[in-house]
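Shown next, in structure tokens, is the structure this report addresses.
Residue numbers (my numbering): -6 to 295.
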């Protein structure tokens, strides 16, 4: 768990030390960027800016049903109890609970200390869910993990992540790059994005520093894309099997294989081990079902 406040504070401190970066917070973009000759121009509330390259991390559209194979919606509270309630040496990653009519729901608990923890409700489902939609399940999680102990809420967080975008917004032209979670930065099968985007940002900075042109998020290797597509189809079409699938993967003998696979650093052997841990029959049936599905109804990820 990395607090966003600490992350942004460090980033802003580094930017203030730079002689080549100007940070303008609280600035609104009035109109979409426009290209003239070899430069881009952006009208903002602080005047017009121009550059040869633009990296735009804004979502191209508001997240809505139909844009992704599944959506990961989450609501969490960091709570402080009036007495010790948590094992600060153990993180609960996936505690599955059937609280919704559709989608896969689970809770996780990240203890900060013996009396303080982040308790989160997460849903993998066909629709992006608001905080209000998750409130009842989250309250049940707080009661379950706090055990009725008196508690106070330190902070609240809510978010929505795409799992398998069906299309990625196109750039407006040469020198214009879209990046970020809603522009292809998230891993389809997990919604993981932070480390992937950090790696992309590092590579983009290196290219720009050398006088080159940055590019958007590169597609995952073919085998990873196909595995993610198939996994999402199984979870979407058979949510009742999701707990079994995840528990099979996390129950592998070598947990480092799982970590490497989930963080995009896995080898072919790691991918093979993950495949072997999953129920072969279910996935073969899903492959066969996909072959019989008309092309215009198939799940294709960008």
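Don't be surprised by glycine CBs; every beta carbon is placed ideally from N, CA and C.
Residue 174 and residue 74 - do their beta-carbons sit closer together than 8 Å? Your numbering for residue 74 matches position 81 in the chain shown. Your numbering for residue 174 matches position 181 in the chain shown. No.
Residue interval of the beta strand (DSSP E) (run including residue 48): Within the chain shown, numbered from 1, the residue matching residue 48 stands at position 55. Taken as a continuous stretch (DSSP letters only), the beta strand (DSSP E) holding residue 48 covers 47 to 49.
Please go through the same chain and pick out, in chain order, the residues whose beta-carbon is closer than 6 Å to the beta-carbon of residue 131, but skip the five residues on each side of it. The residue labelled residue 131 in the question sits at position 138 within the chain shown. For residue 131, same chain residues with a beta-carbon under 6 Å away, outside a window of 5 residues either side, are 68, 114 in chain order.
Compute the beta-carbon to beta-carbon distance between residue 229 and residue 62, rounded to the nearest angstrom, for a pair I have assumed lies under 8 Å. As a first step, residue 229 is located in the chain shown; it is residue number 236 there, counting from the start. As a first step, residue 62 is located in the chain shown; it is residue number 69 there, counting from the start. With 8 Å as the limit, residue 229 and residue 62 qualify as a contact, their Cβ atoms being about 6 Å apart.
Could you give the residue range of the beta strand (DSSP E) that holds residue 32? Here residue 32 refers to the residue found at position 39 when the chain shown is read from its first residue. Element bounds for residue 32: 32 to 37.
Using 8 Å for Cβ pairs, my map puts residue 119 next to residue 58. What's the rounded Cβ distance? Here the question's residue 119 lines up with position 126 in the chain shown. Here the question's residue 58 lines up with position 65 in the chain shown. Beta-carbon to beta-carbon, residue 119 and residue 58 are separated by about 7 Å, close enough to satisfy the 8 Å threshold.
Does the Cβ of residue 5 have 16 or more other Cβ atoms within 10 Å, making it buried, or fewer, making it exposed? Indexing the chain shown from 1 puts residue 5 at position 12. Residue 5 is exposed by the Cβ-count criterion.
For the alpha helix (DSSP H) that residue 131 lies in, which residues bound it at each end? Position 138 of the chain shown, counting from 1, holds the residue named residue 131. Following the DSSP letters along the chain, one finds residue 131 inside the alpha helix (DSSP H) bounded by residues 124 to 139.
Taking the DSSP output, what are the residues bridged to residue 260? Here residue 260 is taken as the residue at index 267 of the chain shown, counted from 1. Beta-bridge pairing links residue 260 to no other residue.
Minimum Cβ-Cβ distance from residue 219 to chain D less than 8 Å: Structure shown: chain D not included; a single protein chain is present.
Any idea what DSSP makes of residue 62, helix, strand or coil? Counting from 1 along the chain shown, the entry for residue 62 is found at position 69. Strand.
Burial state of residue 209, where buried means 16 or more other Cβ atoms lie within 10 Å: Translated into the one-based positions of the chain shown, residue 209 becomes position 216. Around the beta carbon of residue 209, a 10 Å sphere encloses 16 or more other beta carbons of the protein chains shown; the residue is thus reported as buried.
According to DSSP, which residues form a beta bridge with residue 158? What you label residue 158 is simply residue 165 of the chain shown in a count that begins at 1. In the DSSP assignment, residue 158 is bridged to 61.
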